[in-house]
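Visitor: The structure under discussion is supplied below as structure tokens; questions concerning it will follow.
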Amino acid sequence: MAFTRRKTLGQWLPLIALAATCGVGAAQAQDHYPSKPIRVIVPYPAGGGTDIIARLIGTQLSQRLGQAVVVENKPGASGILGNDTVAKAPGDGYTVLMGITTVVQIPALYKKVPYKLSDLAPVSQVAKSADLLMVPRSSGVTTLQQFVDKAKAAPGTLNFGSYGNATSSHMNGERFKQKAGIDITHIPYQGSGPEMAAMLGGQLSLAFVDATAAYPHIKSDKINILAITGAQRHPALPQVPTMTEAGYPGLEANGWFGMFVPATTPKAIVDKLGSEVSSIVKSPELNKRLTEMGLIPVGSLPDDFKAQIDKDAAHWKAVAEAAKISMD
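Numbered by mature numbering (1 follows the signal peptide of the UniProt record, and there is no 0), the letters in the sequence shown go through residues -29 to -1, 1 to 299 in order.
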């Protein structure tokens, strides 16, 4: 019996040693993170707002961590392709997602998604964005209530533009229609640029335009800005009321840009990345740059971003269900 017990112990010793070695190796890998270049996946084409922000963050992150940070664009399927790439990547901190609000909206809009929201671990909310509600100045409309009254007087004759089907602007527009009890036709565009051009050209009755795209035109004599989505007024447009202040609550959720890693990433690495990104966003240089883009800098830590994501996921699911918006 003694011989059997000693033999059993002898059989287990190599496995115990291996487990201990693996544990030490994993800890050392975290301690020495990063030891090679980091990929930042952008699920949209180069040159867009998400890409620009990823490169701004990446440059600073590379300097702080002493490793190259390479931005890789993986557009496709409304961002699903890039999101899925990160969700399925090894959880070692070397594959990071620069995502936007669609990360939490996609599960509410598609029945079949190749990944779950829980497959992504929040790192930091970089900045918040909002939609500006604007009309052609030639319409003579200067307040949101005036637009509602005009729409009610002629049901079905007015329209509203968005920067794409199933985007925040589309969902916000449908939410507004329900709250106001008006019948206006949705016209989707392929991005904020074409939508803004249509508004400046007088082709739209109303438009929900991303503040980043609208920012260069806020002083144009061709538009009147009636309100802004989100819970607070925009620092660059302090005179523009929120939708709630204008009498139509329910559009308090902001759009955002944020960073994620695979959910299997060790907490120590998530926290390290979160701390670094937070410091970068709050630096005077990047804070100024983001503000100039029409954004509201945030730079939250992982736990705070997770709480925001949970809240936003519930909000956009409710909006999609109420407005019957689906991409399937």
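Glycine included, C-beta positions come from ideal geometry on N, C-alpha and C.
On the DSSP bridge list, what partners appear for Q34?
Guide: Looking at the DSSP assignment, Q34 forms no beta bridge with any residue, so it has no partner.
Visitor: Output the distance between the C-alpha atoms of I296 and S100, rounded to the nearest integer angstrom.
Guide: Cα-Cα distance, rounded: 22 Å.
Visitor: Do the segment 80 to 87 and the segment 1 to 18 touch if we need at least three Cβ pairs shorter than 8 Å?
Guide: At 8 Å Cβ cutoff, the stretches do not touch.
Visitor: Distance check for P107 and residue 302, CA to CA, integer angstroms please.
Guide: Outside the displayed range of the chain (-29 to 299) lies residue 302, so it cannot be described from this structure.
Visitor: Quick one: any contact between the segment 166 to 183 and the segment 106 to 120, if contact means 3 or more CB pairs under 8 Å?
Guide: A contact exists between the segment 166 to 183 and the segment 106 to 120.
Visitor: Should the segment 242 to 252 be called in touch with the segment 30 to 50, which here means at least 3 C-beta pairs below 8 Å?
Guide: Yes: the two stretches touch, three or more of their Cβ pairs being nearer than 8 Å.
Visitor: Please name the residue, chosen from A289, H157, G201, that lies closest to T128 on a Cα-to-Cα basis.
Guide: Comparing Cα positions, the closest option is H157.
Visitor: What would DSSP say about E43, mapped onto helix, strand or coil?
Guide: E43: strand per DSSP, three-state reduction.
Visitor: On the criterion of 16 or more Cβ atoms from any shown chain inside 10 Å, does Q279 qualify as buried, or is it exposed?
Guide: Result: buried.
Visitor: Look at the alpha carbon of N195 and the alpha carbon of G265, and state the distance between them as a whole number of angstroms.
Guide: Distance between the alpha carbons of N195 and G265: 17 Å.
Visitor: Per DSSP, what kind of secondary structure is R204 in: helix, strand or coil?
Guide: It is coil, neither helix nor strand.
Visitor: Out of D55, L222, L244, Q38, which has the shortest C-alpha to C-alpha gap to N44?
Guide: N44 has its Cα closest to that of D55, out of D55, L222, L244, Q38.
Visitor: Count the other CB atoms within 10 Å of the CB of H3; is the residue buried (16 or more) or exposed (fewer)?
Guide: The residue in question, H3, is exposed, as its Cβ has fewer than 16 Cβ neighbours within 10 Å.
Visitor: Is it right to say G111 is buried, meaning 16 or more other beta carbons lie within 10 angstroms of its own, or is it exposed?
Guide: By the 10 Å Cβ count, G111 comes out exposed.
Visitor: Mapping the DSSP letters down to three states, classify H157 as helix, strand or coil.
Guide: Reduced to three states, the DSSP call for H157 is strand.
Visitor: Where are the beta strand (DSSP E) runs, 3 residues long or more, that stay fully inside the segment 175 to 238, in chain order?
Guide: If we require 3 residues or more, the beta strand (DSSP E) runs fully inside the segment 175 to 238 come out as 177 to 181, 194 to 199, 226 to 233.
Visitor: Which parts of the segment 92 to 154 are runs of the alpha helix (DSSP H), unbroken and 4 residues or longer, counting only runs that do not cross its ends?
Guide: Here the runs fully enclosed are 115 to 124, 139 to 151.
Visitor: Determine the extent of the beta strand (DSSP E) in which I9 is found, giving its start and end residues.
Guide: Element bounds for I9: 9 to 13.
Visitor: Which residues in the same chain have their Cβ closer than 6 Å to the Cβ of P255, if we skip the five residues on either side of it in sequence?
Guide: Here the set comprises nothing.
Visitor: Who are G70's beta bridge partners in DSSP?
Guide: Paired residue(s): G229.
Visitor: Note down, in chain order, each residue of its chain lying with its Cβ closer than 6 Å to the Cβ of G135, except the 5 sequence neighbours on either side.
Guide: Around G135: P159.
Visitor: Among A182, T213, S139, V119, which one has its Cα closest to the Cα of K148?
Guide: The option with the nearest alpha carbon to K148 is V119.
Visitor: According to DSSP, is I296 part of a helix, a strand, or is it coil?
Guide: I296: coil per DSSP, three-state reduction.
Visitor: Enumerate in chain order the residues of its own chain whose CB-to-CB distance from V211 is below 6 Å, with the five nearest sequence positions on each side excluded.
Guide: Within the same chain, V211 has close Cβ partners I196, I199.
Visitor: Taking the C-alpha atoms as reference points, what is the distance between P268 and Q116?
Guide: One C-alpha to the other measures close to 30 Å.
Visitor: May I ask you to report which of helix, strand or coil DSSP gives P273?
Guide: Helix at P273.
Visitor: Buried or exposed, going by whether 16 or more other CB atoms sit within 10 Å of the CB of G226?
Guide: Its Cβ being crowded by 16 or more others within 10 Å, G226 is buried.
Visitor: Who are I267's beta bridge partners in DSSP?
Guide: Paired residues: K99.
Visitor: Is there contact between the segment 203 to 218 and the segment 228 to 245, where contact requires at least three CB pairs shorter than 8 Å?
Guide: Touching, no.
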